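Asker: Below is one structure. I have some questions about it.
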Amino acid sequence: MTRLITASDVEALRLRDDAGLDAHIEAVTAAYREMGQGTARLLGRQSLNTDVEPEAARPRSFKILGAALLEAGFMGVVTYPAGYGRPLDFRILLSSATGGELLAIVEGEAVTQWATAAVTATATRALSRPESAVLGLIGCGTFAFDQPRAIARVRQLEEVRCYSRDAAKRQAFAERLAAELKGISVRAVESPAAAAAGADILTTVTTAHSPVIASGEIAEGTHINAIGMHYPRTREIDSATVARASFFVDDIAQTFAEKGEFLIPLAEGAIGEGHLRGDLGSLLAGTAEGRREDAEVTLFGSGGTALEYIGVAACLYRAAEAAGVGRALERT
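For the record, in the sequence shown the residue sitting at position 72 is 94 according to our numbering, with numbers rising by one throughout.
As structure tokens, then:
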């Protein structure tokens with residue numbers, strides 16, 4: 023039997039402890055740790071370009087990704103069209119890695135919002151200073167809201183500063199977030215520099231094509247999550263910041279294929295190919311060294327991989343099985 027888990031099913035399952043935000047973070051952490059231990063397989067993002075202007079910085083395309091988590095016993099593929107200016111028609115086909123049968127079809131953009139937040143939290147827990155308490159957030163769009171909520175699960179946040187170019191939007195975003203993060207000061211700020219000033223953690227989650235913050239505005243010891251875009255000619259972080267930072271990514275091969283934060287300074291000669299310190303899986307498996315000192319600036323660059331999506335889909339599938347959520351699709 024194959025279970026169809028729709029976007030509304032996903033929202034219902036998130037109210038359960040076994041599919042809540044903490045469970046998502048642990049599922050993503052386990053998936054990347056498997057990669058670092060050698061028990062996972064990853065098919066990097068394949069982009070079928072459908073744009074009439076193939077040189078566009080963010081072309082219309084159809085994306086295909088895949089991963090197998092052999093220890094967990096799940097594998098699958100992820101598909102979605104991108105660049106069309108509409109919510110993502112996100113689909114995950116989740117199969118058994120032992121028997122090969124299709125277990126579930128998981129739908130909805132909400133899946134990738136929480137998966138993205140969970141991978142940011144995982145990287146923040148691995149790379150930020152344990153006492154980190156102030157988060158600067160640049161970007162107040164669809165994918166931004168769950169970022170501080172997830173980071174607050176792995177660090178004792180005291181303050182969140184929210185910036186976007188639209189003053190009304192960032193104020194409404196901050197008010198909504200404050201209602202979620204009880205006991206944490208949440209406020210809108212008027213510039214990226216104000217978000218970053220003295221922050222322990224800085225997360226950029228925008229659709230910007232060029233840097234949203236200057237290196238001189240980032241304090242020593244900051245951990246940065248750059249998760250907005252994953253196209254070769256777009257970036258949120260400038261070359262000077264990349265050059266001074268210890269740079270970690272979700273997947274090295276995918277970074278060389280598509281991540282502008284790395285490819286642009288590499289083309290400029292600001293960094294070399296060996297500037298990458300490691301990937302998230304190696305960090306979690308203990309084969310790559312993370313933060314070395316308090317004053318070090320660490321940078322995590324992520325465009326998303328199938329590891330986090332299959333990990334989250336497996337989490338949702340197990341919860342759906344336990345709760346009887348989702349429609350059974352009988353196969354003939």
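C-beta atoms are modelled at their ideal positions from N, C-alpha and C, and glycine is treated no differently. Since we're looking at a predicted model, the values are computed, not measured.
1) Give the DSSP bridge partners of residue 350, in chain order.
2) For residue 147 versus residue 222, is the C-beta distance shorter than 8 Å?
3) In the DSSP assignment, find the alpha helix (DSSP H) that holds residue 46 and state where it starts and stops.
4) What separation, rounded to the nearest whole angstrom, lies between the Cα atoms of residue 24 and residue 64?
5) Locate the alpha helix (DSSP H) running through residue 133, then write down its first and last residues.
6) Mark residue 37 as exposed unless 16 or more other C-beta atoms lie within 10 angstroms of its C-beta, in which case mark it buried.
7) Taking residue 344 as the reference, which of 29, 30, 35 has the closest Cα?
8) What's the C-alpha gap between residue 348 and residue 41?
9) Take the Cβ of residue 282 as the centre, count every other Cβ of all protein chains shown within 10 Å, and call the residue buried at 16 or more, exposed below.
10) In this structure, does DSSP put residue 186 in helix, strand or coil?
11) Give every residue of the same chain whose Cβ lies closer than 8 Å to the Cβ of residue 168, excluding the five residues on either side of it in the sequence, and list them in chain order.
12) Do the region 206-213 and the region 101-109 meet, that is, are 3 or more Cβ pairs less than 8 Å apart?
13) Flag this pair as yes or no: are the beta carbons of residue 298 and residue 269 separated by less than 8 Å?
14) State the Cα-Cα distance for the pair residue 89 and residue 56, rounded to the nearest angstrom.
15) With H, G and I counted as helix, E and B as strand and the rest as coil, what does DSSP make of residue 259?
16) Could you tell me which residues DSSP pairs with residue 300 in its beta bridges?
17) Are the region 155-170 and the region 327-342 touching by the rule of at least three beta carbon pairs closer than 8 Å?
18) From residue 351 to residue 29, what distance separates their C-alpha atoms?
19) Does DSSP classify residue 102 as helix, strand or coil?
20) Give the C-beta separation of residue 312 and residue 157 to the nearest angstrom, bearing in mind that I take them to be a contact with Cβ-Cβ under 8 Å.
21) Confirm, please, whether the CB-CB distance from residue 132 to residue 242 is below 8 Å.
22) Mind the definition here: the region 260-274 touches the region 231-248 only if three or more C-beta pairs lie below 8 Å; say whether that holds.
23) When the Cα of residue 326 is compared with those of 53, 45, 31, 27, which residue comes out closest?
Answerer: Short version:
1) As computed with DSSP, residue 350 is found in a beta bridge with 25.
2) Their beta carbons are not under 8 Å apart, which means residue 147 does not touch residue 222 by this criterion.
3) 43-59
4) 23 Å
5) 131-149
6) exposed
7) 35
8) 14 Å
9) buried
10) coil
11) 43, 135, 136, 138, 139
12) no
13) yes
14) 11 Å
15) strand
16) For residue 300, which the question treats as bridged, DSSP gives the partners 270.
17) no
18) Cα to Cα, residue 351 sits roughly 16 Å from residue 29.
19) Residue state, collapsed to three classes: strand.
20) So it is not a contact: roughly 19 Å between Cβ atoms.
21) no
22) yes
23) 53
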